[in-house]
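Undergrad:
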Amino acid sequence: MCLESGGLWPTAVAGSLLGSEHLVDVVTGRGGSVRAAQAAVRFDETRLFHVAVTRASERLMVSAVRNDDEQPSVYLDLLDPLPADAGGALRRPFTHSVAR
Numbered sequence: 001m002c003l004e005s006g007g008l009w010p011t012a013v014a015g016s017l018l019g020s021e022h023l024v025d026v027v028t029g030r031g032g033s034v035r036a037a038q039a040a041v042r043f044d045e046t047r048l049f050h051v052a053v054t055r056a057s058e059r060l061m062v063s064a065v066r067n068d069d070e071q072p073s074v075y076l077d078l079l080d081p082l083p084a085d086a087g088g089a090l091r092r093p094f095t096h097s098v099a100r
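Counting in UniProt numbering, the sequence shown runs from 1 upward without gaps.
1) In whole angstroms, what separates the C-alpha of Arg59 from that of Val65?
2) What first and last residue would you give for the alpha helix (DSSP H) that runs through Gln38?
3) Apart from the five residues just before and just after Thr11, which ones in its own chain have a Cβ nearer than 8 Å to its Cβ?
4) Assuming contact is defined by CB atoms lying nearer than 7 Å, are Val62 and Leu78 in contact in what I supplied?
5) What residue range does the alpha helix (DSSP H) around Asp77 cover?
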């Protein structure tokens, strides 16, 4: 399972880069809010995370990217939280966490 930036991939709000979804809502009279769209994306990400974790029968390998443009998803900390004293650690070591 690859945990990319939360809210950006793979289920980002369609057209959100330039705000075109808001323009479409205004023109069509739907008046949907950005907050509601973001909540729907977060719900879908949570559902997909749950499905991926519960489908693993023996092992679950999780990867994420951290660089100038990307930050790991918040779901990474649900699986293997960083210690409180880690501060702004740039590298998360490879771990072999087993939850039963």
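C-beta: ideal position from N, C-alpha, C; glycine also. In this text the structure is predicted, and so the values were computed from the model without any measurement.
TA: Based on what the coordinates show:
1) Counting only the Cα atoms, Val65 lies some 20 Å from Arg59.
2) Note, Gln38: alpha helix (DSSP H), 34-55.
3) In this prediction, Thr11 has a pLDDT of 49, which is less than 50 and means its spatial position is unreliable; what the coordinates show is noted afterwards. Cβ neighbours of Thr11 beyond the five flanking positions: Val41, Asp44, Glu45, Leu48.
4) Contact: no.
5) The continuous alpha helix (DSSP H) containing Asp77 extends over residues 75-79.
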